[in-house]
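Position one of the sequence shown corresponds to residue 92 (this note's numbering), numbered consecutively onward. Below you'll find the structure, written out as structure tokens, and then a few comments.
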Amino acid sequence: MNIVIFGAPGSGKGTQSENLIKRYGLHHISTGELLREHIANKTHLGQVADSYISKGLLIPDEIMIDVLSDLFIQNPGTIEKGVIFDGFPRTVAQAEALSEMLKKYNTDINAVVGLEVEEDELIRRMLERGKDSGRSDDNLSTIKKRLSVYHKQTAPLREYYMNKGCYHAIDGNRNIENIARDIEASLDNI
């Protein structure tokens, strides 16, 4: 089973990813972690990615797909076990490219778990997280910018995956346990 965990910043993607990994034994793929690993190891892909990141530019979709392809080539058992994509795709173009890449492995995205949380709650959670963790990007100004980018670039994925029939809307305004229970109930039917 291949799952995309989807939602705005602060919606609980990381927390719910951990629950899904434990429940279904999926391999967790965080594109941010993959990129940092490539950059630290000074791989060709890492050097290319770093050339964009160091200039404050977004990494092109084809580079992100190459990073994922490299993971599957280096670790063929990953895709056989099933994966949860966390933080990717972020745009419809990335979703289409991901689907094409997965076809090479005779698979596709089986489910998109959409954590739907009200904007005020997202802001409250990220401000709390900033106080607890000291994350510098969890301040009101940056949070509003991140949410604006999410609404412009990433939110259209909801409709894209709904049209594909694999989007599972989950009320993410509740406590962690209730959200996890609803996700499991939705995925157990697949």
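Where a beta carbon is used, it is the ideal one built from N, C-alpha and C, also for glycine.
Review point. Mind checking K195: buried by the 16 CB within 10 Å criterion, or exposed?
Key: Exposed, by the Cβ-count rule.
*asked:* Any contact between the stretch 166 to 173 and the stretch 132 to 146? By contact I mean 3 or more CB pairs, one from each, below 8 Å.
replied: Short answer: they don't touch.
Can you tell me whether K104 is buried or exposed? The criterion is at least 16 other CB atoms within 10 Å of its CB, across all chains shown.
With 16 or more Cβ atoms within 10 Å of its Cβ, K104 is classed as buried.
*Spatial neighbours of F179 in its chain, beta-carbon cut-off 6 Å, leaving aside the 5 residues before and after*: Within the same chain, F179 has close Cβ partners T122.
Query raised in the report: Is it true that the CB of S102 sits closer than 7 Å to the CB of V208?
Result: Yes, Cβ-Cβ distance for V208 and S102 is below 7 Å.
- request: State the DSSP-derived secondary structure class of I150, mapped to helix, strand or coil.
  value: Collapsing the DSSP output to three states places I150 in coil.
Bridge partner(s) assigned by DSSP for A260: Per DSSP, G205.
Would you check if the stretch 108 to 125 and the stretch 228 to 242 touch, i.e. whether three or more CB-CB distances between them fall below 8 Å?
Too few Cβ pairs lie closer than 8 Å, so no.
- Query: In angstroms, rounded to a whole number, what distance separates the CA positions of R249 and C257?
  - Reply: Near 10 Å, if we compare the C-alpha coordinates of C257 and R249.
- Task: Measuring alpha carbon to alpha carbon, tell me which of V204, D199, T198, S239 ends up nearest I214.
- Result: Selected option, being the one with the closest Cα: S239.
| Using DSSP with H/G/I as helix, E/B as strand and the rest coil, what is I200? | Reduced to three states, the DSSP call for I200 is coil.
Residue(s) in a DSSP beta bridge with I274: None, per the DSSP bridge assignment.
Practice item. Go ahead and label L148 buried or exposed: buried means 16 or more other beta carbons lie within 10 angstroms of its beta carbon, across all protein chains shown. Key: Counting Cβ neighbours within 10 Å, L148 comes out exposed, since fewer than 16 surround it.
Q.
I believe D36 touches I261 by the beta-carbon criterion, under 8 Å. Please report the beta-carbon distance rounded to the nearest angstrom.
A. Absent from the model: residue 36. The displayed extent of the chain is 92 to 281, so no value can be given.
Q.
Below 8 Å on the Cβ atoms is my contact criterion, and I expect G116 with H129 to pass it. Report the Cβ-Cβ distance as a whole number of Å.
A. So it is not a contact: roughly 25 Å between Cβ atoms.
Worksheet item: Do you know offhand how far E268's Cα is from A186's?
Response: Computed Cα separation, rounded: 29 Å.
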